[in-house]
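*Asks:*
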Amino acid sequence: MTYHGRDKVKFHGSHLWLGVAAALVTFLCLGATPAFAQEEPETCVWSEGSDSCSHLQPVTVDFGEDRGVETYYSYVTPDVSTFYNATAGTKKAKQPSFPGHFGKFLNLSPDPVRIYWDGKGIGKDGNYIADMGPMEASATGTFPGHHFYVTPKKEPTTILHKWTVQKDVFLMIYDPYQNIQDDTQLLQKFYQNQLLLKSYKLQKDNLHFAQEYKKVTGREWIGLYGPQKPLAYPLWSANYIGQTHIVPTQETHFTQFPSMEELQPLRQTKTETSVRQLSQYRSDDRELNLTLTALSCAPRVFEIQHFLSSVEADHLVELARGTTLSTSTTRAGSGESRTDDSTRTSKNTWVYREKSPIIDSIYRRAADLLQIDEALLRRRTPEEHPELGNSRSIAEELQLVHYDVGQQYTPHHDFMTPTNIHGTQAMRYATLILYLNDVEEGGETSFPRWLNAETRQQLKVTPEKGKAVLFYSLLPDGNPDERSQHAALPVKKGEKYMTNLWVWDPHFH
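The working numbering puts the sequence shown at residues 1 to 509.
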């Protein structure tokens with residue numbers, strides 16, 4: 001693989017908030033330009049009548065008398081040939097050998113329901129998947145030929161509807177009143193609840209929009225049109241496989257262990273400062289250069305060698321060994337977490353940023369890597385980012401995970417289906433994986449649905465101590481990226497320690 005260029009960008013903790021209006025979408029990508037690819041420029045601004053962004057195209061939808069005609073700028077995946085610095089149309093995408101895909105359920109009834117996977121195809125004794133409120137959605141990973149059914153939440157033996165998953169059909173809808181067009185009749189069915197009627201129309205408009213979106217992009221619309229907004233935070237460009245970006249950070253590596261007294265939890269994480277904490281235990285370099293290398297363009301996946309030092313990785317492992325690890329859980333859509341031994345078999349715990357100065361430094365380094373203000377990854381003062389309307393971190397705590405031989409996490413997505421209750425439609429948009437040890441055999445992170453022109457097999461990333469992997473769960477237009485499905489492959493020999501940092505857009509909900 002030939003690497004063609006590197007972009008070096010300095011960050012000083014500034015917040016790159018991108019305002020969005022009905023006719024203005026701001027999309028920020030940073031990247032070098034390959035010879036034949038349509039590059040994403042440093043700053044890409046969509047406004048009405050503009051054609052300055054090569055991968056954003058308008059979707060125009062007529063919603064009728066209630067809403068009229070609206071335009072939304074959607075992300076169109078570049079031609080796969082450009083992923084190899086080749087002329088568009090000279091290469092063809094390979095069909096992944098992995099047949100699984102995302103499955104979204106939509107409850108368009110006024111009553112709460114429950115979804116079951118019917119593994120035997122007999123219409124009873126199914127495996128519980130999730131509960132769905134009225135006009136809400138849920139999701140799971142699925143395969144063609146899978147059977148599901150829906151029941152009233154409190155009547156598990158009363159089947160309301162059944163589905164059999166078809167190839168590349170993501171959406172399964174339960175709508176008992178789909179043939180009723182009159183609002184008065186619908187309102188009767190919805191217990192005279194105007195809010196339910198409004199939510200029903202929103203979901204119907206979303207289905208209409210999804211049809212037009214697919215015509216332009218060739219992709220399913222998973223989001224919720226209307227409340228859904230394009231991304232508030234930047235994405236690194238992945239114009240071609242092997243593209244690199246260099247990010248300097250003042251958060252240099254710890255090369256020695258501080259004393260136990262110095263590693264005590266922080267009372268609070270201070271605002272940005274030019275003085276590094278515990279600098280006497282760090283490398284003598286003034287800054288650390290982090291190099292992101294694009295492993296995949298769709299989804300956008302980057303490898304960062306030496307994100308952690310050996311000391312930092314060992315510190316995290318010691319935290320794991322000193323904590324009682326719990327069985328990892330899964331969650332369908334926006335539902336409750338549950339234990340699923342057939343899907344996820346690891347153990348995990350959570351590590352707060354304030355746990356130690358080393359953990360705080362890792363968060364600051366991650367903020368630089370993601371091109372965002374470190375204040376977004378902690379509790380903030382009222383003066384810091386008041387536009388968010390809250391003081392919470394936009395990231396979850398570090399999830400520290402341990403896998404023994406044979407343990408795995410089967411293909412899944414990190415994003416959840418959006419709810420119509422919360423207007424911001426907050427979702428996980430970026431995942432940063434940190435590997436804490438060298439695995440003797442197995443334990444790779446795989447992306448089975450990556451778009452490429454060379455192989456039908458999954459993309460595998462080998463876990464190596466100190467290495468990080470960054471990938472995005474959302475596309476630039478705000479729609480979840482179905483190709484971001486990934487797995488933790490079984491450990492064949494040895495053990496595996498890793499951490500996940502999940503970052504939300506625009507805020508953690």
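Even glycine gets a Cβ: it sits at the ideal position worked out from N, Cα and C.
Return the chain-ordered ranges of every beta strand (DSSP E) run that is complete within the stretch 404-458 and spans a minimum of 3 residues.
*Replies:* Fully enclosed beta strand (DSSP E) runs of 3 or longer: 409-412, 427-435 and 445-447.
*Asks:* How would you call Pro382, buried or exposed, if buried means at least 16 neighbouring beta carbons within 10 angstroms?
*Replies:* As a first step, residue 382 must be located in the sequence shown, where it is residue number 382. It counts as exposed.
*Asks:* Per the DSSP calculation, Asp62 is bridged to which residue(s)?
*Replies:* Looking up residue 62 in the sequence shown gives position 62. In DSSP, Asp62 forms a bridge with Val69.
*Asks:* Please classify Lys460: does DSSP put it in a helix, a strand, or coil?
*Replies:* Here residue 460 corresponds to residue number 460 of the sequence shown, with the count starting at 1. Note: Lys460 maps to strand in three-state DSSP.
*Asks:* Could you check which residue in Gly322, Val301, Leu290 and Gly68 has the C-alpha nearest to that of Leu308?
*Replies:* On the sequence shown, position 308 is the one that residue 308 refers to. Of the candidates Gly322, Val301, Leu290 and Gly68, the one whose C-alpha sits nearest the C-alpha of Leu308 is Leu290.
*Asks:* Quick check: the stretch 397-415 against the stretch 468-481, are there 3 or more CB pairs under 8 Å?
*Replies:* Result yes; three or more Cβ-Cβ pairs closer than 8 Å.
*Asks:* Assign Ala298 to one of three DSSP states: helix, strand, or coil.
*Replies:* Looking up residue 298 in the sequence shown gives position 298. It is coil, neither helix nor strand.
*Asks:* Give me the Cβ distance between Ser510 and Leu263, rounded to the nearest whole Å; I'm assuming they're in contact under 8 Å.
*Replies:* Missing from the structure shown is residue 510; the chain here goes from 1 to 509 and no further.
*Asks:* Of the residues Leu202, Val469, Gln192 and Phe148, which one's Cα is nearest the Cα of Pro299?
*Replies:* For this step, residue 299 is matched to residue 299 along the sequence shown. Considering only alpha carbons, the answer is Val469.
*Asks:* In chain order, what residues of the same chain have a beta carbon less than 8 Å from the beta carbon of Asp66, not counting five sequence neighbours either side?
*Replies:* As a working mapping, residue 66 is identified with position 66 in the sequence shown. Once the five neighbours on either side are set aside, the close Cβ partners of Asp66 are Lys201.
*Asks:* Should the stretch 444-459 be regarded as contacting the stretch 383-390, the criterion being three or more beta carbon pairs within less than 8 Å?
*Replies:* Result no; under three Cβ-Cβ pairs closer than 8 Å.
*Asks:* When you compare only the Cα positions, how much space is there between Glu444 and His208?
*Replies:* In the sequence shown, residue 444 corresponds to position 444, counting from 1. In the sequence shown, residue 208 corresponds to position 208, counting from 1. Cα-Cα distance, rounded: 40 Å.
*Asks:* If you follow the beta strand (DSSP E) that Arg114 is part of, which residue opens it and which one closes it?
*Replies:* Within the sequence shown, the letter at position 114 stands for residue 114. Element bounds for Arg114: Val113 to Trp117.
*Asks:* With a floor of 3 residues, list each beta strand (DSSP E) that falls wholly inside the stretch 71-111, ordered by position along the chain.
*Replies:* For the stretch 71-111, whole beta strand (DSSP E) runs of length 3 or above, ordered along the chain, are 101-107.
*Asks:* Buried or exposed: where does Met132 fall if 16 or more other Cβ atoms within 10 Å of its Cβ makes it buried?
*Replies:* Position 132 of the sequence shown, counting from 1, holds the residue named residue 132. Met132 comes out buried.
*Asks:* For the stretch 216-223 and the stretch 477-497, state whether three or more C-beta atom pairs, one from each stretch, are separated by less than 8 Å.
*Replies:* At 8 Å Cβ cutoff, the stretches touch.
*Asks:* Could you give the residue range of the beta strand (DSSP E) that holds Val469?
*Replies:* Looking up residue 469 in the sequence shown gives position 469. Where Val469 is concerned, the enclosing beta strand (DSSP E) stretches over Ala468 to Tyr472.
*Asks:* If we require 3 or more residues per run, which beta strand (DSSP E) segments fall completely within the stretch 179-253?
*Replies:* The stretch 179-253 contains these whole beta strand (DSSP E) runs: 244-249.
*Asks:* Ile129: buried (16+ other C-beta within 10 angstroms of its C-beta) or exposed?
*Replies:* Translated into the one-based positions of the sequence shown, residue 129 becomes position 129. Buried, since its Cβ has 16 or more Cβ neighbours within 10 Å.
*Asks:* Could you tell me if Ile394 is buried or exposed, where buried requires 16 or more neighbouring beta carbons within 10 angstroms of its beta carbon?
*Replies:* Here residue 394 corresponds to residue number 394 of the sequence shown, with the count starting at 1. So Ile394 counts as buried.
*Asks:* Among Arg282, Ala232, Thr293 and Val216, which residue has its Cα nearest to the Cα of Val247?
*Replies:* Translated into the one-based positions of the sequence shown, residue 247 becomes position 247. It is Thr293.
*Asks:* Which whole-angstrom value is the C-beta distance of Leu160 and Val150, which I expect to be below 8 Å?
*Replies:* Locating residue 160 in the sequence shown gives position 160, counting from the first residue. Locating residue 150 in the sequence shown gives position 150, counting from the first residue. Confirmed, about 5 Å.
*Asks:* May I ask you to list the residues that DSSP assigns as paired with Pro152?
*Replies:* Residue mapping note: residue 152 aligns to position 152 of the sequence shown, counting from 1. The partner list for Pro152 (beta bridge, DSSP) reads Val113.
*Asks:* Per DSSP, what kind of secondary structure is Tyr497 in: helix, strand or coil?
*Replies:* By one-based count along the sequence shown, residue 497 stands at place 497. Here Tyr497 sits in strand by DSSP.
*Asks:* Once you ignore the five residues that flank Ser283 on each side, which residues in its own chain have a CB closer than 6 Å to its CB?
*Replies:* Counted from its first residue, the sequence shown places residue 283 at position 283. Here the set comprises Thr252, His253 and Thr255.
*Asks:* For Arg282, which beta-bridge partners are listed by DSSP?
*Replies:* Reading the sequence shown from its first residue, position 282 is the one you call residue 282. Answer by DSSP bridge pairing, in chain order: Phe254.
*Asks:* Express the C-alpha separation of Glu441 and Ser497 in angstroms, rounding to a whole number.
*Replies:* Locating residue 497 in the sequence shown gives position 497, counting from the first residue. Locating residue 441 in the sequence shown gives position 441, counting from the first residue. In the sequence on display, residue 497 carries Tyr and not Ser. The alpha-carbon atoms of Tyr497 and Glu441 are separated by roughly 13 Å.
*Asks:* Tell me which same chain residues have a C-beta within less than 6 Å of the C-beta of Lys215, skipping the five on either side of it?
*Replies:* In the sequence shown, the residue the question calls residue 215 occupies position 215. Excluding residues within five positions, none has a Cβ falling inside 6 Å.
*Asks:* Would you decide whether Ser52 is buried or exposed? Buried here means 16 or more other CB atoms lie within 10 Å of its CB.
*Replies:* As a first step, residue 52 must be located in the sequence shown, where it is residue number 52. Confidence is the limiting factor: at Ser52 the pLDDT is only 40, short of 50, which leaves the residue's position unreliable and the question unanswerable from this model.
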